[in-house]
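**Student:** Chains as they are written, first to last, in our numbering: chain A, 9 to 166; chain B, 9 to 166.
1. On the DSSP bridge assignment, give the partners of residue 160 (chain A) in chain order.
2. Do you know how far the Cα of residue 76 (chain B) is from the Cα of residue 131 (chain B)?
3. So, at 8 angstroms on beta carbons, what are the nonlocal neighbours of residue 46 (chain B) in its own chain, with the 5 sequence-adjacent residues on each side left out?
4. What is the DSSP secondary structure of residue 99 (chain B), counted as helix, strand or coil?
5. Can you find the residues in the same chain that come closer than 8 angstroms, C-beta to C-beta, to residue 146 (chain B), ignoring five residues on each side of it along the sequence?
6. Is it right to say residue 35 (chain A) is buried, meaning 16 or more other beta carbons lie within 10 angstroms of its own, or is it exposed?
7. Name, please, each residue of chain B whose Cβ falls closer than 7 angstroms to the Cβ of residue 48 (chain A).
8. Run down chain A in chain order and give the residues with a C-beta less than 9 angstroms from the C-beta of residue 84 (chain B).
9. Under 9 angstroms between beta-carbons, which chain B residues line up against residue 43 (chain A)? List them in chain order, please.
10. Residue 122 (chain A) lies in the alpha helix (DSSP H); which residues open and close that run?
11. Which partner residues of residue 5 (chain B) appear in the DSSP bridge assignment?
12. Return the Cβ separation of residue 154 (chain B) and residue 124 (chain B) in integer angstroms, given the expectation that the two are a contact with Cβ distance under 8 angstroms.
13. Between the beta-carbon of residue 79 (chain B) and the beta-carbon of residue 78 (chain A), is there less than 8 angstroms?
14. Identify, in the order they occur along the chain, each residue of the same chain with its Cβ nearer than 8 angstroms to the Cβ of residue 90 (chain A), setting aside the five sequence neighbours on each side.
15. Could you check whether residue 135 (chain B) and residue 73 (chain B) sit closer than 8 angstroms to each other, using their CB atoms as the reference points?
16. Just to confirm the assignment, what range does the alpha helix (DSSP H) spanning residue 37 (chain B) have?
17. Does the distance from the CB of residue 96 (chain A) to the CB of residue 106 (chain A) come in under 8 angstroms?
18. Return the chain-ordered list of same chain residues with a C-beta closer than 7 angstroms to the C-beta of residue 165 (chain B), the five sequence neighbours on each side being excluded.
19. What did DSSP end up calling residue 68 (chain B) once you bin it into helix, strand or coil?
20. Chain B beta carbons: is any one of them nearer than 8 angstroms to that of residue 81 (chain A)?
21. Sort B:93, B:148, B:127 by Cα distance to residue 61 (chain B) and report the nearest one.
22. Identify, in the order they occur along the chain, each residue of the same chain with its Cβ nearer than 8 angstroms to the Cβ of residue 108 (chain A), setting aside the five sequence neighbours on each side.
23. Measuring only the C-alpha atoms, how far is residue 71 (chain B) from residue 52 (chain B)?
24. Which one of B:150, B:133, B:158, B:141 has the shortest CA to CA distance from residue 113 (chain B)?
25. Quick one: what does DSSP say residue 146 (chain A) is sitting in, helix, strand or coil?
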């Protein structure tokens, strides 16, 4: 596997693994962490669906920007903290669909988390700039690829 | 009841009720809308907890900003579209806890949604400005009041 660049590793660390030292005193149960991450990805799915719908059915910049902001904020929120040790197999809203590899190949998992943050942040930038729908669609495609890459490697089909 | 100012009503309309015309061609089922709104508020709860934890245990600006960004992005996402007619009593992750009043007193419901958007956006501004933890705490308190107001009026205890 190609070694990730130091910049990308840094971005991944900042965006994905930032659990925050001030949170150390609280130790949420694995069930809570899993419920939160399942919720976060549901919200991402809701907003991805709205973006796709807008791109397919008459592009609305303001609406796409609202959705892109949500996805980017979540992608940059420190999602890595929701994949703490102990969350390999517990139940949130439903049994977790995470693969064991997320807890062994943590460098690749964090790298993909960093790409998710990078491409969603770029989507906000592109939409905000007033770019044409075709340009937005291209960037949205790049974002969706990061979703698929991570699902392929680290999520069991459900 | 005091009549809301036109400005506030406008803000509420923009922030909360913006369903987006481009979404009109898709009609998600009530169960999906409820699942998305339950997920959205779980993500808000996760991030509210992280902010509280940081304010209580040694303020970390970057971490609080990440969480505030998530809450503000969700509050400004057009959540009103997730409370469409037909979602009064169906089940998402669990039975909805919404009160019937949300579908009858829609002006007040939208007003509170607007306040949620306003105070969370202000929290992002305050944190970004580098304000002291006491100032951030004050603004976070204002945000939490908007949560409580809406829960008191429109959510059944669960």
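Don't be surprised by glycine CBs; every beta carbon is placed ideally from N, CA and C.
**Tutor:** Short version:
1. Answer is none; residue 160 (chain A) lacks a bridge partner.
2. 7 angstroms
3. 100, 101, 102, 104
4. strand
5. none
6. exposed
7. 51
8. 74, 77, 78
9. The contacting residues are 50, 54, 101.
10. 114–136
11. An answer regarding residue 5 (chain B) cannot be provided, because it is not within the stretch 9 to 166 covered by chain B.
12. About 5 angstroms separates the two Cβ atoms, so the contact holds.
13. no
14. 41, 42, 44, 45, 48
15. Against a cut-off of 8 angstroms, the Cβ pair of residue 135 (chain B) and residue 73 (chain B) comes out as a contact.
16. Careful: residue 37 (chain B) lies outside any alpha helix (DSSP H) and carries neither H nor E.
17. yes
18. none
19. Three-state result, residue 68 (chain B): coil.
20. Under the Cβ criterion of 8 angstroms, residue 81 (chain A) is counted among the residues facing chain B.
21. B:148
22. 96
23. Straight-line Cα distance between these residues: approximately 15 angstroms.
24. B:158
25. Of the three classes helix, strand and coil, the one that applies to residue 146 (chain A) here is helix, per DSSP.
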